[in-house]
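Numbering (the numbering used here), first residue to last: 1 to 409. Positions of the beta carbon are idealized from the N, C-alpha and C atoms, including for glycine. In this text, all values refer to a predicted model and were calculated from it rather than measured experimentally. Step one of this worksheet: look at the structure below.
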Amino acid sequence: MNMLEDTLTVTTPASVPGQADHSLDVLTPGLLGLIGAGAGFSVATLYYNQPLLGVLGTSLGISDQALGWMPTLTQLGYALGILFLAPLGDRYDRRTVIIAKAAGLIGALTLVATAHTLGQLLFGSLLVGLTATIAQDFVPAVATLAPEQSRGRMVGTVMTGLLLGILLSRVVSGFLAARFGWRWTFAGAAFSITIILAAVWKYLPRFRPTTTLGYGSLLATLKDLWRRHQPLRKATLAQGLLAIGFSAFWSTLAMLLHAAPFHLGSAAAGSYGLAGAAGAVVAPMAGRVADRKGTQWVASAGATLTLLAFMPMLAFPWLTPHARLWLLGISAVGFDLGVQSSLIAHQTLIYGLEPDARSRLNAVLFVGMFLGMAIGSALATNLYQHWGWQGVIILAVGSSLLSLVIRRH
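Structure (structure tokens):
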């Protein structure tokens, strides 16, 4: 390790008990921006496929039902990656973990970009999900570096980057596919992760591990954390249910817009990500409110807003096509605000439970969330085939209502 790396090695209260927190000396605005950008560009790779399902089906001659497995396997891979890979951030230098995953993600995206069969496409999508969990190494990194009194605000700032990645990914994906073809979307994604990898290599500090447990024992502690912390269980279940509706909407929106009476392409489907990007704007605000009024209040308010945003779409059959398009955009703003506000509150809550286990606590929360995403994608694809858009919205309303019930009890 050279002198610069020694200087940047993170000192946390966990590694040196009783020593003051010097995180502000390390967490400069530039480093905070890098962490936010890393989270955003990496998590974006999970969602580039959603506006492209109609285009992919035409290009490769694959049915909508078969292609529905693409977002499902991506989300499932992400849940598995969080479960089996994210806890490594507590055991090893988090910088090394991020670099290794970034290299794997570049390879997975390249595999998808060059796919010519459904099998290659689905296998590449699963690998993208597994390695895109790099995003969940960036978020605990800022929680470690941030001082306790402003942790919610700084986590919220990084989550702005992550949420912009989630929502604007659809815009970028639709735009690139409409002009250059869908393969260039994934090739461009691989290039963006290459840039992040280079910046992480140069600027991200090293992190001292907070545990010496072996890999098997490390995974076993996830079950112990789940048993010990009732707030963790409640947050995971509530966020997972919100994720079902969120994923159901975005996984089937391209199919809805591609079909009659709209007949719109990938660019139109992706453009709805601009409406949803409003959720990223509120992320730092949600963190600040959680610091002042408490995480429970913000999480409940987020679940309520999500439910209220989905409910008007139940009136879809009685609206004109023009009115439906407007309602889709308005509802996307509302439920994205709700889901992301709730997520910020839940993250701020669990990071305070056990500071030495932040990567593992984060893993439990996001396993629940992305299992919800995978379930939402799988159920929505089948519901859309048999019941149309109305079936998708009934699923979203029902899961949001259950989340609110769990949140308030």
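Locate the alpha helix (DSSP H) running through residue i, then write down its first and last residues.
{"i": "Tyr-203", "result": "182–203"}
{"i": "Ile-393", "result": "389–407"}
{"i": "Ala-141", "result": "135–145"}
{"i": "His-322", "result": "321–351"}
{"i": "Trp-69", "result": "69–84"}
{"i": "Phe-41", "result": "29–44"}
{"i": "Gln-50", "result": "Per DSSP, Gln-50 belongs to no alpha helix (DSSP H) and is neither H nor E."}
{"i": "Ser-300", "result": "295–310"}
{"i": "Phe-123", "result": "118–131"}
Checking the sheet assignment: what are the DSSP bridge partners for residue i?
{"i": "Phe-370", "result": "Answer is none; Phe-370 lacks a bridge partner."}
Output the distance between the C-alpha atoms of residue i and residue j, rounded to the nearest integer angstrom.
{"i": "Leu-130", "j": "Ala-363", "result": "13 Å"}
{"i": "Ile-393", "j": "Gly-368", "result": "21 Å"}
{"i": "Ala-378", "j": "Tyr-384", "result": "10 Å"}
{"i": "Leu-121", "j": "Leu-56", "result": "10 Å"}
{"i": "Ala-357", "j": "Phe-138", "result": "15 Å"}
{"i": "Gly-334", "j": "Gln-340", "result": "10 Å"}
{"i": "Leu-402", "j": "Tyr-203", "result": "43 Å"}
{"i": "Ala-380", "j": "Leu-395", "result": "8 Å"}
{"i": "Arg-407", "j": "Ile-344", "result": "14 Å"}
{"i": "Ala-132", "j": "Met-313", "result": "32 Å"}
{"i": "Ala-254", "j": "Phe-180", "result": "18 Å"}
{"i": "Trp-226", "j": "Leu-237", "result": "11 Å"}
{"i": "Gly-119", "j": "Gln-296", "result": "43 Å"}
{"i": "Ser-342", "j": "Gln-50", "result": "23 Å"}
{"i": "Ala-102", "j": "Ile-35", "result": "13 Å"}
{"i": "Gly-216", "j": "Trp-318", "result": "55 Å"}
{"i": "Ser-331", "j": "Leu-404", "result": "18 Å"}
{"i": "Gln-65", "j": "Asn-382", "result": "7 Å"}
{"i": "Gly-273", "j": "Gly-61", "result": "26 Å"}
{"i": "Tyr-47", "j": "Ile-166", "result": "6 Å"}
{"i": "Ser-400", "j": "Ala-113", "result": "35 Å"}
{"i": "Ala-115", "j": "Leu-73", "result": "15 Å"}
{"i": "Val-171", "j": "Phe-186", "result": "14 Å"}
{"i": "Gly-38", "j": "Thr-320", "result": "41 Å"}
{"i": "Ala-14", "j": "Pro-87", "result": "Its pLDDT being 38, under 50, Ala-14 is placed unreliably in this model, and the coordinates cannot settle the point."}
{"i": "Thr-28", "j": "Asp-90", "result": "22 Å"}
Helix, strand or coil, according to DSSP, for residue i in the structure here?
{"i": "Phe-249", "result": "helix"}
{"i": "Phe-262", "result": "coil"}
{"i": "Leu-105", "result": "helix"}
{"i": "Asp-93", "result": "coil"}
{"i": "Thr-212", "result": "coil"}
{"i": "Ala-269", "result": "helix"}
{"i": "Thr-114", "result": "coil"}
{"i": "Ser-217", "result": "helix"}
{"i": "Ser-63", "result": "coil"}
{"i": "Glu-410", "result": "This structure does not reach residue 410, given that the chain is present from 1 up to 409, and the question cannot be answered."}
{"i": "Pro-87", "result": "coil"}
{"i": "Leu-361", "result": "helix"}
{"i": "His-386", "result": "helix"}
{"i": "Asp-25", "result": "Only weak support is given to the placement of Asp-25: the predicted model assigns it a pLDDT of 47, under 50, and the value that follows is read from those uncertain coordinates. Asp-25: helix per DSSP, three-state reduction."}
Have a look at the options and flag the residue whose alpha-carbon is nearest the alpha-carbon of residue i.
{"i": "Leu-328", "options": "Lys-293, Tyr-351, Leu-257, Gln-340", "result": "Leu-257"}
{"i": "Gly-188", "options": "Ala-243, Ser-169, Lys-202", "result": "Ser-169"}
{"i": "Trp-201", "options": "Met-255, Val-97, Leu-242", "result": "Val-97"}
{"i": "Met-70", "options": "Trp-326, Ile-106, Lys-223, Val-128", "result": "Val-128"}
{"i": "Thr-45", "options": "Leu-67, Ala-108, Gly-54", "result": "Ala-108"}
{"i": "Arg-206", "options": "Ala-243, Phe-191, Thr-144", "result": "Thr-144"}
{"i": "Ala-195", "options": "Ala-323, Leu-361, Pro-317, Leu-105", "result": "Sequence inspection shows Ile at residue 195; the Ala mentioned does not correspond to that position. Of Ala-323, Leu-361, Pro-317, Leu-105, the residue nearest in Cα terms is Leu-105."}
{"i": "Thr-304", "options": "Leu-242, Tyr-351, Gln-75", "result": "Leu-242"}
{"i": "Leu-213", "options": "Ser-247, Arg-360, Ser-63, Ser-271", "result": "Arg-360"}
{"i": "Ser-59", "options": "Trp-182, Val-397, Gln-239", "result": "Trp-182"}
{"i": "Ile-193", "options": "Gly-30, Ser-42, Pro-209, Pro-231", "result": "Ser-42"}
{"i": "His-263", "options": "Leu-32, Gly-54, Ala-37", "result": "Gly-54"}
{"i": "Leu-308", "options": "Ala-269, Val-142, Gly-245, Met-154", "result": "Gly-245"}
{"i": "Ala-268", "options": "Leu-83, Trp-184, Leu-176", "result": "Leu-176"}
{"i": "Leu-349", "options": "Arg-233, Leu-197, Gly-68, Phe-316", "result": "Arg-233"}
Say yes only if the C-beta of residue i is nearer than 7 Å to one or more non-hydrogen atoms of the ligand ADP, and no if none qualify.
{"i": "Gly-376", "result": "Absence of the ligand ADP from the depicted structure is noted, as is the absence of any ligand whatsoever, leaving it without description."}
Is residue i close to chain C, meaning its C-beta is less than 8 Å from at least one C-beta of that chain?
{"i": "Gly-240", "result": "Note that chain C does not occur in the displayed structure, where there is just one protein chain."}
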